[in-house]
Structure formats: C-alpha cells, structure tokens
Amino acid sequence: MIKDFILPDIGEGVVECELVEWLVKEGDTVVEDQPIADVMTDKALVQIPAPFAGVVTKLYYAKGDIAKVHAPLYAVKIEGAVEISGEAVVAEPAATTAKVTEPVAATTANTSSSSSVSIEEFLLPDIGEGIVECELVEWLVSEGDWVEEDQPIADVMTDKALVQIPAIKAGKIAKLHYRKGQLAKVHAPLFAIEVKHMASAPAATTNTDTVANAAPAAQIVSAEPARQGKALASPAVRRMARSLDIDLSQVPGTGKHGRVYKEDITRFQQGASNVSAPSTTQVKEAPAQATQASQTQVPTSTVTQRADTVEPIRGVKAVMARMMVESVSSIPHFTYCEEFDLTDLVALRESMKVKYSSDEVKLTMMPFFMKSMSLALSLFPVMNSQVNADCTELTYKARHNIGMAVDSKVGLLVPNIKDVQDKSILEVAAEITRLTQAARSGRVAPADLKDGTISISNIGALGGTVATPIINKPEVAIVALGKLQTLPRFNAKGEVEARQIMQVSWSGDHRVIDGGTIARFCNLWKQYLEQPQEMLLAMR
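The sequence shown begins at 3 in the working numbering and counts up by one.
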C-alpha cells in the first residue's frame, strides 16, 4: 500500500521549513532511517530520515519550496502492510502515534452515542542528526491533564540542544512513561493520551463522514482558547505578533483549527494599515474636541510600540547557559595571560597559503596553533586530562581532540578535531574547514561535538584582545586567542621595529593545574609558534 510520510514536529515551535535538497528521487527504494531530505528551519539544517522501508512514489515539494509541519512530505509504497477499513496497519510501528482502543463503557455513558474514546501512544519522533535517545528534562503536564493540539508536553535534552515536544492531538494525558532525568528512546512511546473520536460511518463513506464529523470535535477543542482570547500559534509567530503589537486572537488563521502562521500576521498587518482613516479634510472639519482627543492618543500608541520583548531561551543557547553555569559553579577557574610574537609564523603561512589553500582546505593560522598545541600536550599530559565529579580520579586522555569555539547562527558550538597528534598540518586544516562550514550552516554532527579534550576560542576574529574564557567541562583548560596586531617592539639590538603580536588568555582548572604548570606549557607552545623550525623538529 502507499502511505504518506507526515513531516514531524522538528521542535522549538517550528511550523514550516524550506526544502533544501531531496536525497532520493521518485522510484527509489529506501530503507528505515535512510536520509530522505535536508530541510532548513529558522534554527538549523535538519536531515529527515525514513521511518520505514519502501519505494518512494511521490515527492510533494520541489527544491526551495516551503514544507508545512504535519503535512505530507512524500509518499512511499510499503511492502507487508495490510489495509483494514481504510486504515493502514504496518507490521512494524512507524507512524508518529500507535492507537490502542480500550473498552469505554463508563466513559461513553456520559457522552453522545456517536462518540468513542481511545488511548493512543505518542511515539518520540526523530529529532534529527542521527539522535536515538534523549534525556527527559521536564514534564510540562501531569497525568490527568487536558491538553490541546500543539501544547508543549515535555522538554528533552539531546547531545546538541534542548527540544520541546508538543502534543499532536488534543486529549487527556493517560500516562507518562518516563521520569525526569531518564533517557527516552526515539520511536518508543513517550506518553499515552486519551483521545475522543466521532463514530465512523460505513466503509464506503468513511472519508466523507470523517471530515464532516471532525469539524464539531475541532470546535469543541478550540472553544476554550477562544473564550480566553488566545490563538493557536508557535512561539516564533507569537514573538512576531508581540514585536508588531498585534493581538493574535484578532488574526484569522489559515492553518489547521485556525492555526496562525507568519504570513497570516503579515496579511493582517497590511489589511489593518489599509483600513480607512479620517482624511485631511475630515480632520479639519471635525470639532476641536475631536482633534484634541486624537492628539492625546499619540503618546499611548508610542508607548505601546516601545514595550519590552520577552523571548524564551531555548535550543543551543539554553544548553550553553546550563553548561556555563555548571562549569563556573563546579570548577575553580584561574587565568594566565601571555604575549606571542608571531612575525615569523605569519610570514611562513603567507608563503604557503597560495600553494596549499583550496575550497576544501583553508590554510589559516588555526592549524598551526592546533598542531603546536598537540606537540606541547605530549610533554604536559595533565593539560589534556579530565577529572571525575568528586575530584578523586584524573584521566589522562590519549587522544588530542582539540575543540574550537564557533559563533554559528544557532549559537555557540564547540566542534573538535579528532586525533590532532596523528594528523599533519594540512589534514588539520582540512578538518577545520569542514567543521567551520558545518557549524556556520547550523548543522554539526553530534560526533563532532563529543569527546573534546581541550579547547581554543578565537575571540580575535571579532576584534578582542584579552578574555577570561569559561572551561568546556569536563576539560581542564581553554585558551582565548586575541586579534593579531602590528605593534612596536625592541629587537636584540635595542632597535624598535614592527612585529606581529597576539595576546593569549588561558583559563585552567585549579583543582588539577597550578600556575607553574600552565606557564611552562604555554612557554613551550609559544616557542613552537614563535620559532616554526622548532615545531618542525618536534614532529614525529
């Protein structure tokens, strides 16, 4: 049978996304979890995997189109599925929900004879980037609560971000399958919800009657929000409405159950600006009292436009906030600063840049910093160590996985280059180029964010010179690179000459690193950078 794949909730209130690239074509045979398409949200580039195997029969969007959440993305022909009364039943659970109908004699006694109740399991959807499990951070509802469609149900933490899981149907929460802090599995039940259904007509008229009977149910669900003056919309749409000082309850929504999209707000705003206002002639003919009254309303309008904007902290920013607080509260930081004269290294890099740079490799200063740091770590392994929670064990990491902080469009990310100790400078440069491009596009594989051992923050790219960086726990050290400046310095003969100077700022974990250790390590690192021939001799 042929089944539509419904674009799932991608999280963070996203209701639409751009179809960037199809990774399959019509007629292709796909397997479970095979990447199907790349879509771009306001936050990141996300890869949509196939929840079940089959043959792709239709792609509903063209490259560049805007796809809607909860709408069909593509159609797939599934082998081994049977059809019962117009409903698809697949051998393995693949849809977002799994229905389990139970006897409801007591429930239906108090309701119309044309309605029934079923318990549906909400399966945790694919959150993207190959994530197979996530931590249940907080339940936003309790068992027995009545929820509406798209109401936030839970906050879950992946390796990359904090994601909010919304309800895809209105109903009563029957059971929460996880406790706070437990790991929830993708494609496994997250919670059970009691949903009220209208009774189906005979199979020949199933589709028509279902649509007809669904309308009253939808009206019942949306009746309560209407009395409260609320509207069905995502957080991003609500922020847009607040910034424009528009009451969402007054905006006609074109989505399901009257859901309001951004284009609905734009259309409403344009319509409001075209509403007929008193002409200049009418104002002149109006009584003086009316003119004075209209003038007194101007300050009120101005004050409203200057109202504060409240924006929730979510996603990568929320993860960064939590990790930074944890780092500062549990690690005693201390700072060490030094000045590097990189004149010779700058000249070496300039002489090699044209020959070795390409689209895949950008020969910047960073590969030299990382490779020389790895050489110094071999003699000071404590700088590449990690301490356990109660500070009773110190693990010396054999791999030099050096992270670099990247100011991406989704927030601060720290991907790391694996095994720098085994790579050449050009190999390190190629990895830096790849990770930088991935981070700036908002799409970094979870594996590239894991297992870092020491980090570099390049604040100089934004013009800074000195900083106090926060350690990327569980690492024990991080360095901030200042901007490269041409400054006057005395040479060996006492003459003043222009030199290429950079300030570097270290933060160390004072539980395992003392000032003498970090100073000696920094001096060796400095020697390799100020005298590149020393770096060459130290390489194996």
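Ideal Cβ positions, reconstructed from N, Cα and C, are used throughout, including at glycine.
Query	Result
Candidates PHE342, PHE370, VAL422, SER332, of which the one nearest ALA391 by Cα	SER332
Own chain partners of ALA194 with C-beta closer than 6 Å, once the 5 adjacent residues on each side are dropped	ILE121, GLU123, ALA176, LYS177
DSSP three-state assignment for VAL446, whether helix, strand or coil	coil
Neighbourhood of VAL545 by C-beta distance below 7 Å, restricted to the same chain and skipping five residues each side	This structure cannot speak to residue 545, because the chain is shown only from 3 to 542.
Test item: CB-CB of VAL22 and LYS65 under 9 Å	yes
Sub-9 Å separation of VAL188 and ASP128 beta-carbons	yes
Sequence-distant residues of its chain with Cβ nearer than 7 Å to PRO534 (five each side left out)	ASP346, LEU347, LEU350
Proximity below 9 Å, CB of ILE170 to CB of VAL384	no
C-alpha distance - TRP527 paired with MET541, whole-angstrom precision	13 Å
Counted within 10 angstroms of its Cβ, other Cβ atoms place PRO574 as buried (16 or more) or exposed	There is no way to answer for residue 574, as the model of the chain reaches only from 3 to 542.
Local conformation of ASP424 per DSSP, three classes	helix
Counterpart residues of ILE503 in DSSP-defined beta bridges	ASP343, GLN487
The stretch 480 to 493 touching the stretch 430 to 442, judged by at least three CB pairs closer than 8 Å	no
Alpha-carbon spacing of VAL58 relative to THR31, whole angstroms	6 Å
Classification of CYS19 by the beta-carbon crowding that lies within 10 angstroms, buried from 16 upward	buried
With 16 other Cβ atoms within 10 Å as the buried cut-off, status of VAL17	buried
Start-to-end residues for the beta strand (DSSP E) that takes in SER359	First-last for SER359: undefined, no H or E at that position.
Nearest candidate by alpha-carbon position, reference VAL363, set MET537, ARG308, ARG436, CYS339	ARG436
Close Cβ partners of GLY454 (< 7 Å) along its chain, the five nearest in sequence each way excluded	ASN403, GLY405, VAL416, ASN418, ASN474, GLU477
Beta-carbon proximity check, LEU138 vs LYS182, cutoff 9 Å	yes
Burial state of PHE492, where buried means 16 or more other Cβ atoms lie within 10 Å	exposed
Cutoff 7 Å; reference GLN271; Cβ partners in own chain excluding five residues on either side	LEU246, ILE248
Complete alpha helix (DSSP H) runs within the stretch 450 to 481 (minimum length 4 residues, chain order)	none
Helix, strand or coil at ASP6 according to DSSP, with G and I counted as helix	strand
Coil, strand or helix - LYS187 by DSSP	strand
Nearest neighbour of LEU344, chosen from SER374, GLY29, VAL239 [CA to CA]	SER374
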